[in-house]
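Residue numbers (our numbering): 118 to 214. Glycine is no exception: its CB is placed at the ideal position from the N, C-alpha and C atoms. Encoded as structure tokens, the structure appears first; notes follow it.
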């Protein structure tokens, strides 16, 4: 299975689940409705302030998987809300490795 690392705990069923998860990430990333300007993220996740989110995404290279959720277009930053939710839950592939 190209692109998937198997260890002695993996079964073919687990590998299929990983491939489905990767396809779901692509689905989230390609749906433009999921990408919201940084300013709107605080409205969707009210437990964070605008400043907290700004600082978090400035330091995104320190947090595995966080750069997957963020794209810079010109001067504006955009966050993929479903992927950010998965990052908060610790479910992105970068966080599991």
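Can the beta-carbon of residue i be found less than 8 Å from the beta-carbon of residue j?
| i | j | result |
| --- | --- | --- |
| residue 157 | residue 167 | no |
| residue 154 | residue 188 | no |
| residue 186 | residue 200 | yes |
| residue 143 | residue 198 | no |
| residue 211 | residue 181 | yes |
| residue 159 | residue 170 | yes |
Per DSSP, which residues does residue i bridge with? Please list them.
| i | result |
| --- | --- |
| residue 189 | 194 |
| residue 153 | 196 |
So which of the options has the shortest CA-CA distance to residue i?
| i | options | result |
| --- | --- | --- |
| residue 183 | 190, 196, 150 | 196 |
| residue 145 | 214, 213, 202, 207 | 202 |
| residue 177 | 214, 205, 191 | 205 |
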